[in-house]
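Protein chains in written order, with the numbering used here: chain A, 133 to 244; chain B, 19 to 129. Just below is one structure, and these are the notes that go with it.
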């Protein structure tokens, strides 16, 4: 998985609770991304980062926030989880030399 | 609106039976087209990047090609271990920096 870890790998939480997912990379890549994958939708971009403290919104950013205080870590926060945020979340990294993105193993989040 | 459509949604082949997967795209400007393989419960695994019409790339039994409107992933003499979901994605010129994905083709190779 190209030196990418995600934690936790599985989480069950209740509606209304805050949740933070972590992506950690050992490749020193500048660009990091968060996607969600749902049946019938494919992968969709939530937020991305192009450097420490530099982030931007993707296609489905409502209800999510991100932070990047170090090159190696990119955090995705659901401030108040809803059932519609039940999904599998993938982190990806890119060095932008080749534009290729490499994905982590994913976090399966269930909001009850 | 930028759009990526993959067909068929699912494909079942016999071992050794060659076929092609299609990815058609409608985008304002193509920066690159990507193919990934995804196994159940895992993250997508990068296969190929194509940048311009006429470009081709090969890896083992897989060959990806690109035209101005679509890309094909050709699978020659597939083996059961080629069973997976194959994802196509595009990166748009001047757009958000992420990838826009199709819904994938679920490929099953029967022994």
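Note that beta-carbon positions come from the ideal geometry of N, C-alpha and C, so glycine has one too.
Residue i versus the options, residue with shortest Cα-Cα distance
i, options, result
"residue 80(B)", "95(B), 70(B), 86(B)", "95(B)"
"residue 84(B)", "124(B), 125(B), 48(B)", "48(B)"
"residue 224(A)", "160(A), 234(A), 215(A), 169(A)", "234(A)"
"residue 148(A)", "238(A), 180(A), 209(A)", "209(A)"
"residue 240(A)", "198(A), 170(A), 164(A), 159(A)", "170(A)"
"residue 157(A)", "242(A), 244(A), 199(A), 236(A)", "236(A)"
"residue 55(B)", "214(A), 195(A), 175(A), 142(A)", "175(A)"
"residue 74(B)", "62(B), 52(B), 98(B)", "52(B)"
"residue 200(A)", "154(A), 144(A), 135(A)", "154(A)"
"residue 136(A)", "231(A), 232(A), 222(A), 230(A)", "222(A)"
"residue 59(B)", "230(A), 232(A), 220(A)", "220(A)"
"residue 106(B)", "78(B), 90(B), 100(B)", "90(B)"
Reduced DSSP category for residue i - H, G, I as helix; E, B as strand; rest coil
i, result
"residue 169(A)", "strand"
"residue 215(A)", "helix"
"residue 99(B)", "helix"
"residue 138(A)", "strand"
"residue 111(B)", "coil"
"residue 104(B)", "strand"
"residue 204(A)", "coil"
Residue-chain proximity (residue i, chain B), Cβ-Cβ < 7 angstroms
i, result
"residue 171(A)", "no"
"residue 207(A)", "no"
"residue 177(A)", "yes"
"residue 183(A)", "no"
"residue 174(A)", "yes"
Interface partners of residue i on chain B, CB under 8 angstroms
i, result
"residue 232(A)", "52, 64, 67"
"residue 163(A)", "115"
Proximity test, Cβ basis, 7 angstroms: residue i and chain A
i, result
"residue 97(B)", "no"
"residue 121(B)", "yes"
"residue 47(B)", "no"
"residue 100(B)", "no"
"residue 57(B)", "no"
Neighbourhood of residue i by C-beta distance below 6 angstroms, restricted to the same chain and skipping five residues each side
i, result
"residue 92(B)", "38, 81"
"residue 124(B)", "28, 103"
"residue 25(B)", "40"
"residue 30(B)", "126"
"residue 217(A)", "210, 243"
"residue 129(B)", "33, 98"
"residue 205(A)", "156"
Same chain, Cβ closer than 7 angstroms to residue i, five either side skipped, listed in chain order
i, result
"residue 162(A)", "182, 183, 227, 228"
"residue 212(A)", "148, 150"
"residue 139(A)", "154"
"residue 23(B)", "42, 120"
Partner residues on chain A for residue i, Cβ-Cβ distance less than 8 angstroms
i, result
"residue 60(B)", "237, 238"
"residue 109(B)", "231"
Cross-chain neighbours of residue i in chain A, by beta carbon under 9 angstroms
i, result
"residue 29(B)", "What residue 29(B) touches in chain A: nothing, since even the nearest Cβ is about 17 angstroms away."
Close beta carbons around residue i, own chain, < 8 angstroms, minus the five adjacent residues each side
i, result
"residue 110(B)", "20, 45, 46, 47, 48, 49, 118"
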